[in-house]
Structure formats: structure tokens, C-alpha cells
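Novice: Structure provided below as C-alpha cells; questions to follow.
Residue numbers (my numbering), protein chains in the order written: chain A, 1 to 284; chain B, 285 to 607.
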């Protein structure tokens with residue numbers, strides 16, 4: 001019995017070895033960044049490059065980013081993180097509200113032009129931000145919204161993907177439930193808030209994680225609409241910091257700081273992510 | 285709803301009442317889409333009809349002439365060639381690697397969830413973060429990949445600053461052969477980073493695809509004496525092909541949208557070796573301030589991506605049907 005168990009485990013050793021090797025290769029760039037983020041800056045200014053094992057890890061690098069200025073003209077990673085969290089949260093909440101409302105109309109209400117309008121909503125998924133970026137930039141300039149949270153979030157508050165995702169879910173709610181609620185005197189808003197939204201929790205979670213991840217990881221738009229270092233998101237802040245050779249170790253530390261929360265998010269909500277990937281297209 | 289209005293002897297037509305009821309739900313999205321999706325699309329077409337001086341103080345109407353000039357220009361064709369190469373470099377290797385990872389992560393083993401999570405982790409990385417991870421490996425002075433290459437007795441590679449065929453002066457057939465003999469290392473560098481990022485996404489997509497393959501197919505294949513390799517070729521691959529196709533279209537769309545990794549790693553250079561279409565639009569619009577010429581490229585990109593997205597939709601719909 002025990003011998004059989006041992007043999008079964010032995011036969012699995014090659015499988016685990018291959019898995020571990022693959023995991024190690026895939027995580028190698030992350031590891032090197034982590035190792036480099038713990039070296040003192042002097043190690044980067046000499047040849048050969050810093051070793052893969054920081055013998056005297058300099059944890060200060062992880063706290064240097066919060067210092068005002070830090071001699072770089074930038075406000076540091078604390079401010080960048082604050083901006084990113086603010087922007088991603090507003091975009092996520094905005095998308096949840098606008099697409100819940102629109103999906104309700106498409107799923108539960110009858111009105112002329114419904115099919116055409118829904119097709120138009122879907123068509124928005126085919127226009128990536130990159131294509132519309134020049135006029136959008138002009139619009140934000142015209143509104144005097146450059147270097148503001150409004151400017152960073154405005155183009156992303158509505159989503160065809162989210163509307164589609166939630167409408168598909170709402171359609172699975174039995175019409176008898178809606179009829180019964182109407183008999184009880186539930187109006188549109190009461191039914192939406194007290195019945196439809198609580199039932200759609202998992203669809204809403206899928207949309208929320210997509211919206212947050214996309215908003216957090218944006219690069220082109222925040223690069224265009226922010227000039228003031230105080231308004232930079234963490235992605236733009238990191239990009240700018242890598243151009244400064246005398247702070248490169250802190251740039252690496254900040255990269256790890258920006259990556260860690262997203263890894264936790266992806267790990268925690270992996271099943272919602274998979275559901276969303278097949279529910280519609282993903283925008284970069 | 286209509287009772288009080290009817291009592292007053294004034295009744296809106298049914299359609300109008302329905303619209304009034306639906307409008308508050310739809311208005312926020314309609315206003316936002318109008319402002320930030322449809323208006324800019326029309327405006328881009330319009331901007332393409334005008335050329336302007338560098339300070340944008342004067343615009344001259346040139347109609348479709350600018351469309352012809354820009355789309356036929358060697359710069360635009362070169363950026364399309366770079367984008368196409370980048371697409372090939374990023375989608376194919378990422379698909380092959382992700383298929384392997386998904387298959388080995390689909391085994392029934394204790395602790396397999398840990399490996400699935402690690403393989404999916406690059407999904408969490410933004411383009412900026414990915415660019416930094418690879419900058420660490422490829423950097424001219426601190427990059428450790430060159431150290432490893434030197435230790436193996438090979439020549440160092442000037443990763444981010446060697447444009448290879450893209451900057452060499454080759455004409456006609458010479459350009460084609462140099463595509464292999466004179467590698468564009470800068471584009472390969474940006475591609476390696478992008479492949480790493482795509483691996484996470486593709487592995488997640490392919491794992492979901494693998495899990496829909498019925499176990500009975502493998503059992504009957506085993507009964508027929510198929511080994512692991514034969515099972516992979518005759519069961520896994522055919523059953524996974526719709527998912528592989530879906531993932532590849534997603535990858536192509538991502539490749540056409542690539543910007544951040546280029547901006548951080550190479551800045552489109554050396555010369556134009558990594559000047560993908562989006563980067564070219566960015567430079568034309570926000571560095572040269574030629575909105576018209578940039579808009580023409582944006583419209584061309586839109587048409588290309590529209591075709592790709594329609595293809596992707598057909599695939600998603602297909603999946604939903606047979607699941």
C-alpha cells in the first residue's frame with residue numbers, strides 16, 4: 001500500500017519537474033527585476049551588471065519612491081499609485097453604472113429602434129481608443145480637462161462590452177419574475193436595484209475586474225492627457241523613471257509595487273476573468 | 285403608467301411613451317459613445333481631408349489627395365511591414381508556448397492550481413511593467429542576457445539599438461533575404477516582451493478550451509492504442525483549434541494596438557525599426573503636429589482592425605452556440 005503510493009509519486013516527478021522548470025523560466029524576468037530592485041545604485045554604474053542575488057538587500061528602495069521629489073522632478077510612486085487607484089476606481093464604477101442601466105433597457109424594455117441601437121452599442125467595441133485618439137485629445141483640450149481626473153476617465157465611462165455582458169445575463173432572468181414584481185408595484189428602478197442587480201452579481205464582478213485591470217494598465221491615453229508629473233498614473237511614472245539612470249533601482253522597485261496588486265487581483269478573480277474573455281472582445 | 289395622462293385626454297403614441305421610459309437608462313451611454321467614439325471617428329475622416337502647417341494655424345483642404353499620399357508613402361508602408369512582422373513575431377511563438385503550458389497545466393496533479401496561477405501571472409502585467417521586466421534583461425549596460433551570451437562564447441547583441449533589415453539599405457530581393465540574415469533585434473526585443481505578456485492571456489484562454497474537451501475522446505483514443513503524442517495530435521489539437529484561432533485573432537488585434545512597450549523600450553527606433561502603426565500615428569500627431577496625416581493612418585488602422593474584430597465576433601458567437 002505505502003509502496004504503491006510511493007511509486008505513484010515517483011512517476012509524477014517528471015511532470016512536476018517540467019512544470020517547475022516552465023514556471024521558473026516564465027518568472028525569470030520578474031525575478032531579475034526583483035533582484036535588481038534590491039541593489040544599491042552603485043552596483044548599476046559598474047561592470048559587470050548587478051548579480052542575481054542581492055547579498056545585502058536594500059529595502060529602502062521600496063520606500064524611496066514616496067519621498068517628495070526624490071531629486072527627479074517627479075512626485076514619487078505614492079502619488080502615482082493614488083492617481084492610478086482613483087482613475088481605475090472611477091472608470092470601474094462608471095462602467096458598472098452606465099452599462100447596468102443600458103443593459104436593463106435592452107433586456108427588459110420594449111421601444112422602437114431597440115435592435116438597431118443595440119447593434120450600435122456593439123459597434124463601439126470595434127472602435128479602439130487608438131483610432132479615436134486625436135479628436136478625443138482635442139475634445140479634452142477644448143474642455144480644459146488635460147491634467148485632470150475628468151480627462152483621464154471621461155472616454156472610458158461607457159462600454160459596449162459591459163452592456164453586452166450584462167444584457168446577456170439579464171436575459172436569463174425569467175420574465176415571470178419581472179411580471180410578479182410589476183404586480184407588486186415594482187417600477188423599473190426598484191426592480192433593477194432590488195432584483196436584477198443582486199442576481200447579476202457575478203456578471204458585475206466580471207465586468208468590474210476587466211474594467212479595473214484595463215484602466216490600471218492603460219498607457220497611451222494617460223501619456224497624452226497628462227503633462228503635470230503630479231497627475232501621472234503609475235504606468236507613466238514607471239516609464240519616465242526608467243529613463244533616469246541614477247534611480248534605476250527605484251524604478252525597478254516601483255515596477256514591482258505596481259505589479260503586485262494586479263497579480264493578487266488576477267489570482268483572486270481568475271474564474272471571472274475566464275468567463276469575461278469568452279463573453280466578448282477584450283480591448284488592450 | 286398611461287392612466288393619468290389618458291384621464292386628461294392627452295395620450296402620447298405608444299412608441300413615444302416607450303422611448304421616454306427607456307431614455308433615462310440609455311442616455312448616459314449614448315452621450316458618452318457619441319462624444320468619445322462616433323464623433324471622433326467622423327472627425328478623423330474629416331481631419332484627413334486637410335493638411336496643416338506645423339503650428340496648426342492654417343489648414344488647407346486637399347480632399348482625398350492626402351489619403352492617397354499617406355497610404356502610398358514609404359513611411360506608412362514601412363510601418364505596416366514592421367507591424368506585420370511584429371504580429372508574426374508575437375502571435376505565433378506565444379501560441380506555441382501557451383499551448384504547451386496549457387497542456388501541462390491541464391494534468392490532474394496535486395497543487396496544479398499553483399502552476400496555473402503562475403502561468404497566468406503575465407496577464408496581470410501592463411505593457412509598461414512588461415517593458416521594464418524586459419529592459420532589465422536586454423539593457424545595453426545592465427542587461428544580464430548579454431552576460432549569459434558572452435559566457436556561452438557567443439557575440440553580444442545590441443538588443444535595443446540594432447534595427448537590422450529595417451534600417452539597412454537593401455532594395456528589392458535584398459530586403460527579403462536580409463529579413464532573416466540581418467535580424468531586426470530591436471523589434472525582436474519588443475516582441476519578446478510582448479510574447480511574455482501574451483503567454484499569460486493565451487494560457488488562460490487555452491486552458492478553458494482544453495477543459496471543454498470531453499474525456500471520452502481521450503479514453504477511446506487510448507483504447508485504439510494512441511500514445512500521449514498521438515492523443516495530442518489527433519484529439520487535443522483538432523478539438524482546441526477553434527480556441528487557438530480565437531486566441532490568435534485576439535493576439536493580432538493586440539499586436540496592432542501595441543504602443544507602450546515600444547515607447548518605453550525603443551521609442552520607435554533605431555530610425556524606424558520598431559515604428560509600429562500606432563507609434564507612427566502618435567509621432568505624426570503629437571510630435572510633428574500633423575493631425576491630418578496622422579488621422580489618415582488612424583482611419584487605415586480602423587479599417588484593418590474592423591476586419592479583425594468582425595472575425596473575432598464570428599468566432600465568439602460560434603463558441604457560444606456549440607457550448
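Even glycine gets a Cβ: it sits at the ideal position worked out from N, Cα and C. Model, not experiment: these values are computed from the prediction.
1) Decide if the segment 153–165 of chain A is in contact with the segment 307–326 of chain B; the criterion is three or more beta carbon pairs, one per stretch, under 8 Å apart.
2) Nearest chain B C-beta to residue 83 of chain A closer than 9 Å, yes or no?
3) Between residue 282 of chain B and residue 104 of chain A, is the Cβ-Cβ spacing less than 9 Å?
4) Taking any Cβ of chain A, which residues in the segment 519–534 of chain B have a Cβ under 7 Å from it, in chain order?
5) Based on the DSSP secondary-structure assignment, which residues constitute the bridge partners of residue 335 of chain B?
6) Could you tell me whether any Cβ in chain A is nearer than 9 Å to the Cβ of residue 483 of chain B?
7) Would DSSP call residue 187 of chain A helix, strand or coil?
8) Who are the Cβ neighbours of residue 198 of chain A in its own chain at under 6 Å, not counting the five residues just before and after it?
9) Does residue 585 of chain B have its Cβ less than 9 Å from a Cβ in chain A?
10) DSSP three-state call for residue 219 of chain A: helix, strand or coil?
11) Examine chain B for any beta-carbon lying closer than 9 Å to the beta-carbon of residue 69 of chain A, and answer yes or no.
12) Within 10 Å of its beta-carbon, does residue 573 of chain B have 16 or more other beta-carbons around it, so buried, or fewer, so exposed?
13) Quick check: what's the CA-CA separation for residue 565 of chain B versus residue 576 of chain B?
14) On the DSSP letters alone, give me the boundaries of the alpha helix (DSSP H) that residue 356 of chain B sits inside.
15) If you run the structure through DSSP and keep just helix, strand and coil, what is residue 470 of chain B?
16) Check each candidate in A:52, A:98, A:170 and A:38 and name the one with the smallest Cα separation from residue 256 of chain A.
17) Assuming the contact rule is C-beta atoms closer than 8 Å, residue 88 of chain A and residue 212 of chain A should be a hit. Round their C-beta distance to whole Å, please.
18) Which residues, in order along the segment 19–37 of chain A, keep a beta-carbon less than 7 Å from a beta-carbon of chain B?
19) I want to know whether the segment 143–152 of chain A touches the segment 176–195 of chain A - three or more CB-CB distances under 8 Å.
20) Is residue 36 of chain A closer than 9 Å to residue 50 of chain A when the C-beta atoms are compared?
21) For the alpha helix (DSSP H) holding residue 547 of chain B, just list the boundary residues, first then last.
22) So residue 258 of chain A packs on residue 413 of chain B, CB below 8 Å; how close in whole Å?
23) Using a Cβ cut-off of 9 Å (strictly closer), state whether residue 112 of chain A contacts chain B.
24) For residue 75 of chain A, name the three-state secondary structure that DSSP assigns.
25) Near residue 66 of chain A, what residues of its chain come up, given a Cβ to Cβ distance below 7 Å and the 5 sequence neighbours on each side ignored?
26) Within 9 Å of any Cβ in chain B, is that where the Cβ of residue 232 of chain A sits?
27) Determine, for residue 544 of chain B, whether the minimum Cβ-Cβ distance to residues of chain A falls below 9 Å.
28) In chain order, what residues of the segment 119–140 of chain A put their CB closer than 9 Å to some CB of chain B?
29) Rounding to the nearest angstrom, what Cα-Cα distance links residue 161 of chain A and residue 100 of chain A in this structure?
30) Measure how close the beta-carbons of residue 388 of chain B and residue 18 of chain A come, nearest whole angstrom, since I'm counting them as under 8 Å.
31) Can you list, in chain order, the residues of its chain whose CB lies under 7 Å from that of residue 277 of chain A, leaving out five sequence neighbours each side?
32) Around the C-beta of residue 367 of chain B, are 16 or more other C-beta atoms found within 10 angstroms, so that it is buried, or is it exposed?
33) Determine the direct distance from the alpha carbon of residue 393 of chain B to that of residue 588 of chain B, and round the result to whole angstroms.
34) When Cβ atoms are compared, which residues of the segment 180–196 of chain A fall closer than 8 Å to chain B?
35) For residue 396 of chain B and residue 273 of chain A, I'd like the C-alpha separation in whole angstroms.
36) Are there any heavy atoms of the ligand MG lying less than 8 Å away from the beta-carbon of residue 125 of chain A, as far as the coordinates show?
Specialist: On the basis of the data shown:
1) Counting Cβ pairs under 8 Å, three or more are found: they touch.
2) Along the first chain, read from residue 1 onward, the residue named residue 83 of chain A stands at position 83. So no, residue 83 of chain A is outside the interface.
3) No statement about residue 282 of chain B is possible, as the shown extent of chain B runs from 285 to 607 and does not include it.
4) For the segment 519–534 of chain B, residues whose beta-carbon sits nearer than 7 Å to a beta-carbon of chain A comprise 534.
5) On the second chain, residue 335 of chain B is found 51 positions in, with the first residue counted as 1. DSSP lists B:344 as partners of residue 335 of chain B.
6) Numbered from its first residue, the second chain carries residue 483 of chain B at position 199. Residue 483 of chain B counts as touching chain A.
7) In the first chain, the residue the question calls residue 187 of chain A occupies position 187. Looking at residue 187 of chain A - three-state DSSP - the assignment turns out to be coil, as it is neither helix nor strand.
8) Walking along the first chain from the start, residue 198 of chain A turns up at place 198. Taking C-beta separations shorter than 6 Å and ignoring five residues to either side along the sequence, residue 198 of chain A has no partners in its chain.
9) For the purposes of this step, residue 585 of chain B is taken as the residue at position 301 of the second chain. Yes, contact with chain A.
10) On the first chain, position 219 is the one that residue 219 of chain A refers to. Correct three-state label for residue 219 of chain A: coil.
11) Taking the first chain and counting its residues from 1, one reaches residue 69 of chain A at position 69. Only weak support is given to the placement of residue 69 of chain A: the predicted model assigns it a pLDDT of 46, under 50, and the value that follows is read from those uncertain coordinates. No, its Cβ sits nowhere closer than 9 Å to a Cβ of chain B.
12) As a first step, residue 573 of chain B is located in the second chain; it is residue number 289 there, counting from the start. Residue 573 of chain B comes out exposed.
13) For the purposes of this step, residue 565 of chain B is taken as the residue at position 281 of the second chain. For the purposes of this step, residue 576 of chain B is taken as the residue at position 292 of the second chain. So the alpha carbons of these two residues sit roughly 10 Å apart.
14) Start at 1 with the first residue of the second chain, and residue 356 of chain B comes out as number 72. Per DSSP, residue 356 of chain B belongs to the alpha helix (DSSP H) from 349–356.
15) By 1-based counting over the second chain, the position of residue 470 of chain B is 186. Reduced to three states, the DSSP call for residue 470 of chain B is helix.
16) Indexing the first chain from 1 puts residue 256 of chain A at position 256. Taking residue 256 of chain A as reference, the option from A:52, A:98, A:170 and A:38 with the minimal CA-CA separation is A:38.
17) Within the first chain, residue 88 of chain A is the residue found at index 88, counting from 1. Within the first chain, residue 212 of chain A is the residue found at index 212, counting from 1. Yes, residue 88 of chain A and residue 212 of chain A are in contact; Cβ-Cβ is about 5 Å, under 8 Å.
18) 19, 22, 23, 26, 27, 29, 30, 32, 33 and 36
19) no
20) Sequence index remark: in the first chain, residue 50 of chain A carries index 50 (1-based). Sequence index remark: in the first chain, residue 36 of chain A carries index 36 (1-based). Yes.
21) Numbered from 1 along the second chain, position 263 holds the residue referred to as residue 547 of chain B. Note, residue 547 of chain B: alpha helix (DSSP H), 544–549.
22) If you number the first chain from 1, residue 258 of chain A lands on position 258. If you number the second chain from 1, residue 413 of chain B lands on position 129. Correct: roughly 6 Å between the Cβ atoms.
23) Here residue 112 of chain A corresponds to residue number 112 of the first chain, with the count starting at 1. Chain B contact via Cβ: present.
24) Here residue 75 of chain A corresponds to residue number 75 of the first chain, with the count starting at 1. Residue 75 of chain A: coil per DSSP, three-state reduction.
25) By 1-based counting over the first chain, the position of residue 66 of chain A is 66. For residue 66 of chain A, the pLDDT reaches just 49, beneath the cut-off of 50, and the residue's location in the model is therefore unreliable, although a value from the coordinates is still provided. So the qualifying residues of the chain are 76, 77 and 78.
26) The residue given as residue 232 of chain A occupies position 232 in the first chain. It does not; no Cβ of chain B falls within 9 Å.
27) Here residue 544 of chain B corresponds to residue number 260 of the second chain, with the count starting at 1. Yes, residue 544 of chain B counts as interfacial toward chain A.
28) 120, 121, 122, 123, 124, 125, 126, 127, 128, 129, 130, 131, 132, 133, 134, 135, 136, 137, 138 and 139
29) Looking up residue 161 of chain A in the first chain gives position 161. Looking up residue 100 of chain A in the first chain gives position 100. Approximately 11 Å between the Cα atoms of the pair.
30) Looking up residue 388 of chain B in the second chain gives position 104. Looking up residue 18 of chain A in the first chain gives position 18. Indeed, because the Cβ distance is near 6 Å, the residues count as touching under 8 Å.
31) Taking the first residue of the first chain as 1, we reach residue 277 of chain A at position 277. If we look at residue 277 of chain A and ignore the five residues flanking it on each side, it has no Cβ neighbours.
32) On the second chain, position 83 is the one that residue 367 of chain B refers to. Burial call: buried.
33) Counting from 1 along the second chain, the entry for residue 588 of chain B is found at position 304. Counting from 1 along the second chain, the entry for residue 393 of chain B is found at position 109. About 43 Å.
34) 188
35) Your numbering for residue 396 of chain B matches position 112 in the second chain. Your numbering for residue 273 of chain A matches position 273 in the first chain. Those two C-alpha atoms are separated by around 19 Å.
36) The ligand MG is not part of the structure shown, which contains no ligands of any sort.
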